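Engineer:
2 protein chains.
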Amino acid sequence: MRIEIALYDGFDELDGIAPYEALRTAGWDVHLVGAHGPGELRAAHGAQLVVDEGLGDPGVVIVPGGGWGERAQRGAWGEAQRGELPRRLAALAPRLRFAASVCTGAMLLAAAGLTRGRPATTHANAKEDLRRSGAEVIDGARVVDDGDLLTAGGVTAGLDLALWLVEREDGEDAAAGVAAELEHERRGTVWRRDATRAPARPLP
Amino acid sequence: MRIEIALYDGFDELDGIAPYEALRTAGWDVHLVGAHGPGELRAAHGAQLVVDEGLGDPGVVIVPGGGWGERAQRGAWGEAQRGELPRRLAALAPRLRFAASVCTGAMLLAAAGLTRGRPATTHANAKEDLRRSGAEVIDGARVVDDGDLLTAGGVTAGLDLALWLVEREDGEDAAAGVAAELEHERRGTVWRRDATRAPARPLP
Chain A
1 MRIEIALYDG
11 FDELDGIAPY
21 EALRTAGWDV
31 HLVGAHGPGE
41 LRAAHGAQLV
51 VDEGLGDPGV
61 VIVPGGGWGE
71 RAQRGAWGEA
81 QRGELPRRLA
91 ALAPRLRFAA
101 SVCTGAMLLA
111 AAGLTRGRPA
121 TTHANAKEDL
131 RRSGAEVIDG
141 ARVVDDGDLL
151 TAGGVTAGLD
161 LALWLVERED
171 GEDAAAGVAA
181 ELEHERRGTV
191 WRRDATRAPA
201 RPLP
Chain B
205 MRIEIALYDG
215 FDELDGIAPY
225 EALRTAGWDV
235 HLVGAHGPGE
245 LRAAHGAQLV
255 VDEGLGDPGV
265 VIVPGGGWGE
275 RAQRGAWGEA
285 QRGELPRRLA
295 ALAPRLRFAA
305 SVCTGAMLLA
315 AAGLTRGRPA
325 TTHANAKEDL
335 RRSGAEVIDG
345 ARVVDDGDLL
355 TAGGVTAGLD
365 LALWLVERED
375 GEDAAAGVAA
385 ELEHERRGTV
395 WRRDATRAPA
405 RPLP
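Protein chains in written order, with this note's numbering: chain A, 1 to 204; chain B, 205 to 408.
In structure tokens:
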């Protein structure tokens with residue numbers, strides 16, 4: 001299962017790199033890619049990254065946030081306004097095993113129409129925007145797992161998203177091993193749809 | 205106070221980038237620099253970064269770890285073996301306000317002779333090596349603050365190092381603000397020398 005983390009100018013460094021490192025540590029096939037093709041990117045706080053590949057046709061896409069609170073043109077806000085990345089995510093969605101976001105990356109999934117009527121979360125500073133997009137914002141959850149749509153809270157919640165994915169796919173022992181290697185104590189609540197109540201809805 | 209985070213091939217991504225983002229969020233003058241000059245670097249898990257500047261003459265240097273457990277040539281182990289970065293750190297030390305490390309970056313401070321007889325910590329997988337280098341390893345501490353020498357535990361402990369620095373220099377409210385922005389709940393114990401017992405020793 002190939003996972004691509006879709007980076008763009010102004011992405012928040014830890015939103016992208018924390019799940020990358022955690023999933024790499026788990027031995028997963030995860031790649032940092034350019035949402036708009038290969039090249040050099042400058043992240044929200046100034047780190048410069050080089051990505052050799054652009055967003056392709058992965059099994060899973062993870063979308064970081066960045067700059068939403070400041071309505072930054074370089075960042076998730078600008079990406080949502082311009083629309084190219086959301087359109088790409090919408091086109092990919094039917095073929096994905098799941099889509100995931102960290103922080104205000106959820107607003108790019110929202111712009112792609114993937115969160116409407118779905119339980120989700122985002123950084124505290126964007127929860128009202130996510131709610132207005134038609135998502136059911138789950139207050140108090142650090143990670144929301146709706147089957148084929150996973151969203152995490154702000155910045156460092158990406159670690160807990162990744163560790164939850166490792167637990168879900170590889171089991172608790174695997175997740176505990178990664179957490180130990182990262183010396184990260186897992187935090188917060190993972191919200192999951194009650195399987196006896198309703199199945200996770202497929203992506204549109 | 206200019207802070208340089210000294211990156212090298214094989215550095216652990218989060219060791220370097222987590223304190224960078226946290227201190228940037230605090231408004232600090234912090235820079236990712238190349239320990240061996242400007243250029244392109246490949247971090248331990250595969251992320252490629254570009255740094256425009258090499259390690260200069262900062263007020264503070266922060267050293268990440270990476271690859272120590274695997275005795276990787278590309279990483280902290282190889283850097284300690286080759287000795288150029290430790291020599292540079294030793295030469296800088298007398299002019300620094302403080303030196304800090306995340307994870308096995310402590311082993312590069314050790315190779316520079318900066319931890320001998322000093323309380324310190326590192327990633328769990330390197331504590332024995334750090335002890336053998338003559339440091340007093342403080343078990344149970346996530347961050348060890350010995351005044352002008354600060355060391356943190358593995359990987360994500362760099363967040364708590366950075367937040368401790370913000371608290372120490374800018375106060376608790378500032379640290380709480382950064383933690384809230386990062387949606388990080390601070391963890392673990394910060395060990396500080398008891399000021400009534402003995403002063404922190406100066407760097408050599």
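Every residue gets a Cβ at the ideal spot worked out from N, C-alpha and C, and that includes glycine.
Because the structure is a prediction, the values reported are computed rather than measured.
Let's test the definition: count the other Cβ atoms within 10 Å of the Cβ of residue 223 of chain B and tell me whether it reaches 16, buried, or not, exposed.
Structural biologist: buried
Engineer: Just reading off the beta strand (DSSP E) that residue 5 of chain A is part of, what are its end residues?
Structural biologist: 3-7
Engineer: Compile a chain-ordered list of the residues in the segment 371-396 of chain B whose CB is closer than 7 Å to at least one CB of chain A.
Structural biologist: 386, 387, 388, 389, 391
Engineer: Identify whether residue 39 of chain A lies in helix, strand or coil by the three-state DSSP scheme.
Structural biologist: strand
Engineer: Does any residue of chain B bring its CB to less than 8 Å from the CB of residue 76 of chain A?
Structural biologist: no
Engineer: Relative to the alpha-carbon of residue 286 of chain B, which residue among B/326, B/312, B/225, B/378 has its alpha-carbon at the smallest distance?
Structural biologist: B/312
Engineer: With a cut-off of 8 Å, does the C-beta of residue 306 of chain B fall near any C-beta of chain A?
Structural biologist: no
Engineer: Taking C-beta to C-beta, are residue 259 of chain B and residue 324 of chain B nearer than 8 Å?
Structural biologist: It is not a contact, given that the beta carbons lie outside the stated cut-off.
Engineer: In this structure, how does DSSP classify residue 221 of chain B when only helix, strand and coil are distinguished?
Structural biologist: Residue state, collapsed to three classes: helix.
Engineer: Work out the CA separation of residue 99 of chain A and residue 58 of chain A for me, nearest whole Å.
Structural biologist: 10 Å
Engineer: My output table needs one value for residue 262 of chain B: the three-state DSSP class, helix, strand or coil.
Structural biologist: coil
Engineer: At a cut-off of 7 Å, is residue 390 of chain B close to the ligand ATP when judged by its beta-carbon and the heavy atoms of the ligand?
Structural biologist: The ligand ATP is not part of the structure shown, which contains no ligands of any sort.
Engineer: Buried or exposed: which applies to residue 228 of chain B, given that a residue is buried once 16 or more other Cβ atoms fall within 10 Å of its Cβ?
Structural biologist: Only buried fits residue 228 of chain B, as 16 or more other CB atoms lie within 10 angstroms of its CB.
Engineer: Closest to residue 205 of chain B by CA distance: which of B/345, B/274, B/301 is it?
Structural biologist: B/301
Engineer: Could you check the C-alpha separation between residue 198 of chain A and residue 136 of chain A for me, to the nearest Å?
Structural biologist: Because the pLDDT at residue 198 of chain A is just 47, under 50, the model does not fix this residue reliably, and the value given afterwards should be weighed accordingly. Roughly 15 Å between the two C-alpha positions.
Engineer: Closer than 7 Å between beta carbons: that is the criterion. Which residues of the segment 213-228 of chain B meet it against chain A?
Structural biologist: 217, 218, 221, 222, 224, 225, 228
Engineer: Take the Cβ of residue 225 of chain B as the centre, count every other Cβ of all protein chains shown within 10 Å, and call the residue buried at 16 or more, exposed below.
Structural biologist: Buried, because 16 or more other Cβ atoms sit within 10 Å of the Cβ of residue 225 of chain B.
Engineer: Considering only C-alpha positions, which residue in the set B/380, B/336, B/318, B/241 is nearest to residue 351 of chain B?
Structural biologist: Closest option to residue 351 of chain B, judged by alpha-carbon separation, among B/380, B/336, B/318, B/241: B/318.
Engineer: If the cut is a Cβ gap below 7 Å, which residues of chain B does residue 128 of chain A touch?
Structural biologist: Near residue 128 of chain A there are no residues of chain B at all, since even the closest Cβ is about 16 Å away, more than 7 Å.
Engineer: Please confirm if the segment 235-242 of chain B is in contact with the segment 29-43 of chain A, defined as three or more CB-CB distances below 8 Å between the two stretches.
Structural biologist: no
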